Amino acid sequence: MATVKPLSAPQKALHKLGLDSPLALALHLPFRYEDDTQLSSLRSAQFGESLQFEAEVLAHEVVYRPKRQLKVEVLSDGLTCTLRFFNFYPSQLKQFQVGAKLRLKGEVRGGMFGLSMMHPAVQIAGAPLSTTLTPIYASSAGLAQTYIRKAVLSGLKKATELGLFEPTIPAALEPEDLWPLKEALQFLHLPEQGTLLHTLEDQTHPAWRRLKAEELLAQQLSQMKARIARSQVKAPALKRQAKLAKAQKKSALSLVDALRAQLPFQLTQAQSRVLQEIAADLSLPVPMHRLLQGDVGSGKTVVAALAAAQCIDAGWQCALMAPTEILAYQHFEKLSVWLEPLLSEKSLKVAWLTGSQKKKDKTQALADIEEGQAALVIGTHAIIQEHVKFKCLGLAIIDEQHRFGVEQRLNLRKKSKTATEQLAEHTEPFASPFDAPGEALEPHLLMMSATPIPRTLAMSYFADLDVSTLDELPPGRTPVLTKLFAEHKRPELIERVKHQILQGFQVYWVCPLIEESESVDLTNATQTHMELSHALQELAQEDVEGQGAVKHVQVGLLHSKMHEQDKKAVMQAFKEGHIQVLVSTTVIEVGVDVPNATLMVIEHAERFGLSQLHQLRGRVGRGSAASTCVLLYALGEHGRLSDTASQRLKAMIQTQDGFEIAKRDLEIRGPGEFLGARQSGAALLRYADPLLDTELMQWAQDLAPNMWRDHPQMALAHLARWQTLRSEYLKA
Ligand code: ADP
Ligand code: MG
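When we follow this note's numbering, the leftmost residue of the sequence shown carries the number 26, and every step to the right adds one.
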């Protein structure tokens, strides 16, 4: 019987890093290099830089103060240097015998007591020097560089023997000057002596180009594959009701038309256009996978409502998920008003589902969802929980999708798959026009976001999405005036707040933190709330003597640690105008819509990200009255703003265009941070940078469809090599 050898500690560590195949090891490239190919003189030591030199031991001793340590005195080139070791074995003392000649490597430090080195690497002097640069790999505790280096090199050898680096791109279709993969890897793991270190570390060396090109192509191939796979998945064809009505001899208006007829406004051209795009997708038996992007206030909600209506018209359920309960509830209220009267004729309803709701209400909602009475389900993450079973989910809409993790988005799609499998069992009251019982159907997916994704990034990360863009704001909006205020102008600001209230308008006052934190001295929402309550108290009194236009000034407080019920109540009171000033943390960042609010103050604006500031500013300027956004900033420790903070604030003053803001934000933050860890799910690209490697990116994009068409075997082999890319995430 074969026995399974348990893994050694370093093997376990390798496994944890995902380095458990020859391929994974070979593709684990060094993140920097050291040059051990030469000996230097101690005299040429640069503080802070690693140095390799040879020296003779003058003395050694173990001292106990201030801490147990081994001190070794060495002489090199006429200079002495003290080596210190805090961790050492008695057996090590042998190598430090007086007169011994050693080769040392490490960082030399200067100081009052002369030159010293902590824990240098020690070898016997005179051994042959390395002829290649020494690679340093990303590692983890308990995994020595020497171990990982050996493992990587043996992985590289094995993978090469297994033929894993044979070309997978037809030579004629490659960009020029690309090294063969085998050589590029060999080189990057063991660069020849004399290679310019910086070309390796900033990845401009030609060997890197091969890896970037391969990786980008893999990404494009994988996204195309997902797209092709999706085109083979079935979804319910949600036909426009007009045609169906005829077939079923119904004379009533379709839900879409009825809803449209009762809207208090005309759709903008942009809204009509994107609705057509969405409607066309929905009517196909293939899952839609569309991102609706439009600046804050561009009117995405009504687009979502009309898409939902089309879905319900066709006899299917629709789910609308929002990232915060406040936002979800706002949608629930709005869409209930619009749709309930129309739905109740058909004994259907709009259901509300969140984590914080009462057990009884939740049970009812879950039953309605499972039995199909709930034609539209609105809520938070609660919707994607396992026990929520849809009868026949036809369309899932995710608002502010960038606030959701990729996994959550994936869940929503998976959920409905299982849900639709139940279709065969239930057919009433939904007589589904899509007649395919038992077949796995996926719902259509509509994602909405106010943070537009710049084209360069969209190409790389979202190639699998179709994008609709609302590039027009509803008419009658006056641009928001944005002003910078230094902290000392606070009193003046409070006067502005008063002025606004006296005119019957409302004010948001946003603070960055909920509670005083020891490390960051930020004015907190609670304190600001007290301060404003106090300052505005006087306003009420002044006004009693005046015209009496404002009887009660109410200052509300809203932060994420409050109970959902309380949050809802405060938000409601603000919406209805009972609260004039709402002091809040960023919980109001997304989606909240109170057109009567005309002043937004953002305290410590220098601490917010650019997209976040833009989102917040989007809470005002929603009505016809002129609105202002005041960015209140405090100078940092050195009496000035950081560079990035001033870039952000400047951008806010200069533009109100969400696309321009997104572009600047990307420039300031770089793609990783821009997309956010949640958004990117994992490090999707290890080597290439979609912003810098635009030419290779374009090449990969052009080549991917050809590869699938003309060289499918090579495309598959290429993907197999790069499967370490988290392709699952790319589909979300
Ligand atoms: P967002 O795209 O930020 O989600 P909303 O859907 O909340 O924007 O819409 C912002 C405001 O504009 C809402 O008060 C909404 O009722 C209003 N609105 C939407 N479309 C139009 C339109 N075509 N004409 C006038 N007002 C509109
Ligand atoms: Mg919105």
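Cβ coordinates follow ideal geometry from the N, Cα and C atoms, glycine included.
The structure presented is a predicted model; accordingly, all values stated were derived computationally and were not measured.
- Taken through DSSP and simplified to helix, strand or coil, E201 comes out as coil.
- Fewer than three beta-carbon pairs drawn from the region 602-614 and the region 499-514 are found closer than 8 Å, and the two stretches are therefore not classed as touching.
- Looking from the CA of A550, the closest CA among R647, A560, L360, L582 belongs to L582.
- By the Cβ criterion, the region 466-477 is in contact with the region 245-261, since at least three pairs of Cβ atoms, one from each stretch, lie closer than 8 Å.
- With a cut-off of 8 Å on Cβ pairs, the region 413-421 is in contact with the region 334-345, counting three or more such pairs.
- DSSP, read as helix, strand or coil, puts M677 in helix.
- A residue is called buried when at least 16 other Cβ atoms come within 10 angstroms of its Cβ; G43 does not meet this threshold and is exposed.
- It is roughly 54 Å from the alpha-carbon of G529 to the alpha-carbon of Q244.
- The alpha-carbon of V535 is positioned some 8 Å away from that of L641.
- In this structure, L624 places its C-beta atom within 8 Å of the C-beta atom of V522.
- Proximity to A176 across H214, G73, V147, A166 peaks at H214, based on C-alpha coordinates.
- Per DSSP, reduced to three states, the secondary structure at N436 is helical.
- The DSSP-derived three-state label of Y58 is strand.
- For A400, the secondary structure class from DSSP, reduced to helix, strand or coil, is strand.
- One thing to note: E226 has its Cβ within 8 Å of the Cβ of R57.
- Per DSSP, C336 is not a residue of any beta strand (DSSP E); the alpha helix (DSSP H) it occupies stretches across 325-338.
- Inside the region 66-101, DSSP marks whole beta strand (DSSP E) runs of 3 or more residues at positions 75-88, 94-101, from first to last along the chain.
- Checking the 7 Å criterion, the Cβ of T293 is within range of a heavy atom belonging to the ligand ADP.
- Looking at the DSSP output, Q318 bridges to S474, T494.
- A distance of 8 Å or more separates the beta carbons of M143 and R90.
- With fewer than 16 other CB atoms across the displayed protein chains lying within 10 angstroms of its CB, F72 is exposed.
- Remark: the C-beta of T326 is in contact range of the ligand MG, defined as less than 7 Å to any heavy atom.
- Remark: the C-beta of F684 is outside contact range of the ligand ADP, defined as less than 7 Å to any heavy atom.
- At least one heavy atom of the ligand MG falls within 7 Å of the beta-carbon of D424.
- In this structure, E589 sits near S381, with a CB-CB distance shorter than 8 Å.
- For W233, the enclosing alpha helix (DSSP H) stretches over residues 231-257.
- Shortest gap from the CB of F290 to any heavy atom of the ligand ADP: under 7 Å.
- A80 counts as buried, since no fewer than 16 other beta carbons sit within 10 angstroms of its beta carbon.
- Within the chosen limit of 7 Å, the ligand ADP does not reach the beta carbon of R644 with any heavy atom.
- Going by DSSP, V655 is part of the beta strand (DSSP E) stretching over 653-658.
- V99 is the residue among F138, V99, G135, S164 whose C-alpha sits nearest the C-alpha of V123.
- Contact between the region 630-638 and the region 371-389 is not established, with fewer than three Cβ pairs separated by less than 8 Å.
- Here DSSP, grouped into helix, strand and coil, assigns R128 to strand.
- For F110, the secondary structure class from DSSP, reduced to helix, strand or coil, is strand.
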